[in-house]
Every structure is written in C-alpha cells, then in structure tokens.
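Here is the structure we will look at, set down as structure tokens.
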Amino acid sequence: MGSVRSVCVFSALVLLLRWTDISAQSRCVIKSNTSCTECVSNITCLWCTRTQQCLDYPVHTLLPSHSLCSLNDARWGNCWVNFQALIITVCVIGGVIIISVLICCFCCCKCENIGSKRTDERVEREAEIRRVRHEERKAEMRSRHDEIRRKYGLMKENPYSRFENN
C-alpha cells in the first residue's frame, strides 16, 4: 500500500514538473509574432528579430546557437541590446578590470620596492654618520694620548722603538 502511494506521488510530481516545463515553453511560443517587449518580459524567453519569433532560451548552452537565431538578432532581457553587443561589452569591461588590477598590483609592488630602497639609503646614511663619528672620537683619543705622552716625555721619534728605562 505504501509503495503504491509513493509511486503515485512520484508520478504526480513528474507530471507536474513536465507540465510546468511545457507551460513555460508554450508561454514563449504563444508570444511569437507579437512584440519584443512582451516576449522578453518572461526571463525564459528569447526574441529573434529576424524571424519575429519568441523562442525558449537555450539554458543548456550559454549562447543561442546560430541555427536558432544569430547573435546579432537575438534579444534577451531587454530589446535594445543584442547578444553580440553584450558579449563585446562584457569582454571590454572584463579586460579593463583585469588590466586595472594588474596595474594596481604592479604599482603597489613598485612602491613597496621604492620604500625599501629609501629605507636602505637611510640606514646606509646613518651607518656612515656613525662611522665618521667613531673615526673622529678615535682621532681625538689618539691626540689626547699623544699629549699625555708628550707631557711626561714618553714620546719617541720612532714609534716602533723599544721603551728603555732611564
């Protein structure tokens, strides 16, 4: 009893889905030889201006085949844009977006490198300043030591000679 009921429910669902599919198709075919705006008001319909027919949009393929309607004559969603112009526009906008992203990435990387070069130059300048100060302090200490040696008579003519006790 339960299996018969489930088979009946399943077949009713299949018939309902098939009927809605047929009714959607018939809605598009009914609107043939009317106007483009009436046809494209239903999102599942496609208007072909060459044949003045309202066709079902081929959902299995992205674009309608040339045998169904040429891209230049196909209208979907609104009547003033054909598929050919839509494809060209989407490609151009996509290309501009991709190029813009690439330029932004390039500029960010270049700016990052410039920043690190500036940092490196600053660090090198600071190191040079420290080295010069160190050399100045070293020379100052050497001169002080020489003065002390002169004062106490420890200064020799030849710095490499031995110290001798007098």
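For the sequence shown, this note's numbering begins at 3 and goes up steadily by one.
From the three backbone atoms N, C-alpha and C, an ideal C-beta is built for every residue, glycine too.
Could you check which residue in the options has the C-alpha nearest to that of residue i?
{"i": "Ala-76", "options": "Val-92, Gly-97 and Val-42", "result": "Val-42"}
{"i": "Cys-56", "options": "Val-94, Glu-123 and Asn-44", "result": "Asn-44"}
{"i": "His-62", "options": "Thr-46, Arg-52 and Leu-156", "result": "Thr-46"}
{"i": "Ala-87", "options": "Arg-146, Glu-138 and Leu-73", "result": "Leu-73"}
For residue i, which three-state DSSP category applies?
{"i": "Gln-86", "result": "helix"}
{"i": "Leu-156", "result": "coil"}
Starting from residue i, trace the beta strand (DSSP E) in both directions and tell me its first and last residue.
{"i": "Cys-50", "result": "47–50"}
{"i": "Cys-56", "result": "55–58"}
When you compare only the Cα positions, how much space is there between residue i and residue j?
{"i": "Val-92", "j": "Arg-132", "result": "60 Å"}
{"i": "Ala-141", "j": "Glu-126", "result": "22 Å"}
{"i": "Cys-81", "j": "Ile-99", "result": "27 Å"}
{"i": "Ile-89", "j": "Thr-121", "result": "48 Å"}
{"i": "Asn-35", "j": "Ile-95", "result": "34 Å"}
Kindly indicate the opening and closing residues of the alpha helix (DSSP H) around residue i.
{"i": "Cys-1", "result": "Examination of residue 1 is not possible in this model, given that the chain is present from 3 through 168 alone."}
Is any non-hydrogen atom of the ligand MN found closer than 7 Å to the C-beta of residue i, if you look at the structure I gave you?
{"i": "Asn-35", "result": "In terms of ligand content, the structure shown is empty, and the ligand MN therefore cannot be addressed."}
Excluding the 5 residues preceding and the 5 following residue i in the sequence, name in chain order all residues of the same chain whose CB lies nearer than 6 Å to its CB.
{"i": "Cys-71", "result": "Cys-50"}
At a Cβ threshold of 8 Å, is residue i touching chain D?
{"i": "Val-61", "result": "Structure shown: chain D not included; a single protein chain is present."}
Please go through the same chain and pick out, in chain order, the residues whose beta-carbon is closer than 8 Å to the beta-carbon of residue i, but skip the five residues on each side of it.
{"i": "Ser-67", "result": "Pro-60"}
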